[in-house]
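In the order they appear, the protein sequences are chains A and B. Take the first sequence: its position 179, counting from 1, is numbered 179 in my numbering, and each next residue is one higher. Take the second sequence: its position 111, counting from 1, is numbered 1111 in my numbering, and each next residue is one higher. Glycine is no exception: its CB is placed at the ideal position from the N, C-alpha and C atoms. Here is the structure we will look at.
Number of protein chains: 2
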Amino acid sequence: MIALGQSNPRQIGIAFGPDRWPADLAAGEHAMNGAEALIETLVANGVEVCFNNPGTSEMHLVGAIDKVPGMRPILGLFEGAVTGAADGYGRMAGKPACTLLHLGPGLGNGLANLHNAKKAGTPIVNIVGEHATYHRKYDAPLSSDIASLARPMSHWVQTVEHAADGPRLASLAVAEALGTPGRIATLILPADSAWNELGRRDAPPRARPAAAPQVPGARIDAAAKALREAKSAAIVLGNDAMREGPLLAAARIAAATGARLYAETFSKRTERGAGRVAVKTIPYFAEMALDELKGVDLLLLAGARIPIAFFAYPGKASVLVPEGARTQDLARPDEDVPDALEALAEAVGAPRSVNTLQEAKRPGLGEGRLNAHEIGRTLGELLPENAIVADEGCTCGLWASVHTAGAPPHDWLQLTGGSIGLGIPLATGAAVACPDRKVVCIQGDGGAMYTIQALWTQAREGLDVVTIVFANRSYAILNIEFDRVGAGKAGEKAQSMLEIGNPEINFAELARAMGVNAMRCTTVEAFNKALADCMATKGPHLIEAVL
Amino acid sequence: MIALGQSNPRQIGIAFGPDRWPADLAAGEHAMNGAEALIETLVANGVEVCFNNPGTSEMHLVGAIDKVPGMRPILGLFEGAVTGAADGYGRMAGKPACTLLHLGPGLGNGLANLHNAKKAGTPIVNIVGEHATYHRKYDAPLSSDIASLARPMSHWVQTVEHAADGPRLASLAVAEALGTPGRIATLILPADSAWNELGRRDAPPRARPAAAPQVPGARIDAAAKALREAKSAAIVLGNDAMREGPLLAAARIAAATGARLYAETFSKRTERGAGRVAVKTIPYFAEMALDELKGVDLLLLAGARIPIAFFAYPGKASVLVPEGARTQDLARPDEDVPDALEALAEAVGAPRSVNTLQEAKRPGLGEGRLNAHEIGRTLGELLPENAIVADEGCTCGLWASVHTAGAPPHDWLQLTGGSIGLGIPLATGAAVACPDRKVVCIQGDGGAMYTIQALWTQAREGLDVVTIVFANRSYAILNIEFDRVGAGKAGEKAQSMLEIGNPEINFAELARAMGVNAMRCTTVEAFNKALADCMATKGPHLIEAVL
């Protein structure tokens, strides 16, 4: 699984040639119901983990997961934990997990983290149970328009109207999910399409994901020309460009042309650390972003979109392109970005290597008062090689990123869709995908409470995750934003909507109540010891850092 | 608030006549932004509680709640807690609270409990923040199709395209919410429609909810005739028919005609207990429902819909009307059901009073082994007069209902939409609406974990709620349903998706971690003492009953 995770997602389709079909799947003669055929098709196409929270309408799917070999069910106590885990899994495995969700409301609970996954470009296949086709018309208590709910957070939505259609649609869903850079495919499965027997039994159809479209040579040449002519060029890197190989190509281009490199504000998966290419990030706040990019006359987009403000603010720009700069596409996120960067490096006559790689350095353990800065230092000092960091640190996360820059090579996963409540599930799914790697979740306390239930799944599955909760007792970002949008001075009532310290939440106790070993730290010394212990011990842990 | 809650929701519109406008709202000359005008309109129309979980795009709304007098903000740490509380509030107050939700993902998190509220017919006004109108086109990280998400769980969805439209649309939203029997109105508010100043300042427009349509006399006469001609009639009571007055009318009709009375399987709000009319409930399982109704030749529907199976099962009926029976509408849920029952009582010459009212009786405290039956007895023994019970007990809740039948008069709120995770928020909202009444939440452990965050809101607001968690460590209903749908024998993997006991969740510790006083009970004696203590002490408590 890890090997797959390290490979280019686009190449995965190739591994699923017909020679890979287990012969026994094709040869069997006995009857099979729609749910079994669907699960068999998913397994045959490399989908081997099902994050789930089922209900009555999905019982045949539960039965099918039981019977069909090769699908690992992982239960979540809430659907946001399920879909967020599928996001973490997909980002690290480079292929989809499936989710199993209970009708419209179950999907509804999972939508926020599907939103984040969609913005990331993560491959996910959702299976959403539905009432039997003939039962839909009665408007039973759990009836709702599932497709309407699914569409905004999916690239592809289909309904299995007949059991026999399940395998074909499941293979299409996998192919869709494996599109570039990764997509959300949602398959609605009425209960009778799950329980009805298939008349015949064929080999599970093969998913045929479309290869990422190659960027035309003319666009490469135009980019090379633009870089040559620009006085001050910046290359903005997005999506797959943030992996080690493409980053190196980008650094070579920078070395040849003098262009500066920037990452989008939030990246799906960044391969970073000592010996890799470090790039600056476009700041979150619009005015800081414009300030950072000031004087740039060309923004060349490599898998990134034109920089846009996260939110609109009265009288401030939405588009973060500095005055006098023009934007130009090298490769769109749904094109072969790594290939385009290699081609551009060639076209600008880039050197084979660069001397700008991140040097190995550790910041030393945190000292003094316990705060986000010192926590970041300790993390930078202790982060093991090949770790995965799931970052929903929000206002507290920045220092962790700064101080781990020179740590041994690791992956960094961010909140791409802005909907908080992803961190703990994201770490959960990453740990499932990569059982041999230490996962660190840096998590704001506000966001932690949306999907705190994912800790239970970590305990149940014995996942190697350390969650660091930054307990500042506040939606701290909103305290900043309240001023920034010009909403005036926050009075008592407004304050009550921005702070979460009354009553104080004991995150260590929450974690222990769900079977996760936990510590509450109020000093740097205690935190340093706790994190060192967690790094030395496999299994789920939580550290509540009281700020 | 309580007086309003006890009154007929349809009459509320009358209380909002122009004479009620505070003069200072109409007379002010200084400028006001869209958010302030919107909140002012809601307050002027009787919306005085805002359950909220805001984000950056709603900061001007937060500011407006701060500035405009009369709106009480109640923060939830997760949107399912917010919308479920709005449901509980709306059922008890008989008028809408508003919710404040953060863009599409925030709405997504709230959808499951909006689904339940929609099926209940609860009045709710959702305010969903959106990017500024000019920012929508950029597909920023938090962009999504909010209307598509809102429609399945709303009766009415509108967007405030200009700040000046806010008051009018807010008044329409309130009017819609106050329709019969209660509706979900969702108003999407782009950030610039919140922050832009209104050019002029008018009196907030008045919500004019439509009166519930009266049932035509011909239908009353037809119902009377049908009851006279039927050999074995049953009257199925839904929605507002489950309140004390209409139930008495139904009992009088039954006394005059020999018809049996049934409640729908799940009711929004039942006024029950000693001295009130007790009615049987149509069983949840389809075959039991058909068995119960066997021999009935007329199903007269009073605010109820034709009985439908909760789920489809292979080879079993979806429509639970026994063979040879016909159905006939007395009043649809969106008509004036109480009035129709009174008129029918008149038409069949019903007696003024009946001798079938529920007698006062207490079952005695539970004894022996701690189980759902004994918990039900203890609750029946201790439930105080005028209590409100929020029931998401699922497989464990039935005995509580049985043993409280003769307790002093109380309200019973059920899970109408089948999406578990409502109980704790529902109790939270009911307690806000009725601060002088004891609220008891009976809650299965599986369902508790979807919206456990609502306990924090109970602690923060000091609400008088006792939550009893039935900790059977299982999605027990699914263990039953797995068999019933014919999914075969549950093997190890299937079992792992139906049980939640590995690891065991310590609900008492979870509650304490969020500031709620909690006890974990493993014996009847301990439970009896704990519940007695909770009944004697105001404020939030949780009892984990380990089964």
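Contacts with chain B (Cβ-Cβ distance below 7 Å) from the region 467 to 481 of chain A involve L478 and E481, listed in chain order. By the Cβ-count criterion, A:V402 is exposed, with fewer than 16 other Cβ atoms from all chains shown falling within 10 Å of its own Cβ. Less than 8 Å divides the Cβ of B:P1190 from the Cβ of B:E1130. In the DSSP assignment, B:F1078 forms no beta bridge with any residue. For A:V68, no beta strand (DSSP E) segment is defined, and its DSSP state is neither H nor E.
In the three-state scheme derived from DSSP, where H, G and I count as helix and E and B as strand, B:C1098 is classed as strand. In the structure shown, the three-state DSSP call for A:S474 is strand. Shown here for A:M514: same chain residues with a beta carbon closer than 7 Å to its own, the five before and five after excluded, namely L455, W456 and A459 in chain order. For chain B, none of the residues of the region 277 to 291 of chain A brings a beta carbon within less than 7 Å of one of its beta carbons. Per DSSP, the unbroken alpha helix (DSSP H) holding A:P425 starts and ends at G423 to A433. Contact annotation: in the region 1038 to 1062 of chain B, residues whose CB is within less than 8 Å of a CB in chain A are N1052, P1054, G1055, T1056, S1057, M1059, H1060 and V1062. Excluding five sequence positions before and after A:W156, the CB atoms of its chain that fall closer than 6 Å to its own CB belong to E176 and A185, given in chain order. Proximity of the region 1066 to 1080 of chain B to the region 1109 to 1117 of chain B meets the contact definition, three or more beta-carbon pairs being nearer than 8 Å. By the neighbour-count criterion, in which a residue is buried when 16 or more other Cβ atoms sit within 10 angstroms of its Cβ, A:M32 is buried. In the three-state reduction of the DSSP assignment, B:R1136 falls in the helix class, which pools H, G and I. In the three-state DSSP reduction, B:T1395 falls in the helix class (H, G or I).
8 Å or more divides the Cβ of A:G76 from the Cβ of A:Q443. With 16 or more other Cβ atoms from the protein chains shown falling within 10 Å of its own Cβ, B:N1196 counts as buried. Measuring C-alpha to C-alpha distances from A:C396 to each of A:V125, A:P425 and A:A476 identifies A:A476 as the nearest. As computed with DSSP, B:F1051 is found in a beta bridge with B:I1074 and B:T1099. When CB distances to chain A are screened at a threshold of 7 Å, the residues of the region 1504 to 1538 of chain B falling below it are I1505, N1506, E1509, L1510, R1512, A1513, M1514 and G1515, in chain order.
For B:A1331, DSSP records a beta bridge to B:A1302. Here B:D1533 carries a helix assignment [DSSP, helix/strand/coil]. For the region 135 to 146 of chain A, the beta-carbon criterion of a distance under 7 Å to any beta-carbon of chain B is satisfied by H135, Y138, A140, P141, L142, S144 and D145.
Following the DSSP letters along the chain, one finds B:L1542 in no alpha helix (DSSP H) but inside the beta strand (DSSP E) bounded by residues H1541 to V1546. Contact annotation, B:C1050 with B:L1100: C-beta distance approximately 5 Å; criterion of less than 8 Å satisfied.
In this structure, A:P314 keeps its C-beta atom at 8 Å or more from the C-beta atom of A:A289.
Within the model, the alpha-carbon separation for B:D1411 versus A:T378 is close to 55 Å. Cβ-Cβ distances below 8 Å link B:A1150 to L1107, N1126, V1128, V1157, T1186 and I1188 in the same chain, with the five nearest sequence neighbours on each side left out; the list follows chain order. By the Cβ neighbour-count rule, A:S193 is buried, with 16 or more other Cβ atoms within 10 Å of its own.
In this structure B:E1342 touches B:A1249 by the C-beta definition: roughly 5 Å separates them, less than 8 Å.
Leaving aside the five residues that flank A:T451 on each side, the residues in its chain whose CB is nearer than 7 Å to its CB run, in chain order, F78, G80, A81, G84, G421, I424 and P425. In this model, A:G238 and A:P123 are separated by some 16 Å (Cα to Cα).
Taking a Cβ-Cβ threshold of 7 Å, the residues of chain A close to B:K1119 are P141, in chain order. Sorting A:D464, A:S419, A:E392 and A:E229 by C-alpha distance to the C-alpha of A:N386 places A:D464 at the top.
Annotation: the continuous beta strand (DSSP E) that includes A:D411 extends over H410 to Q414.
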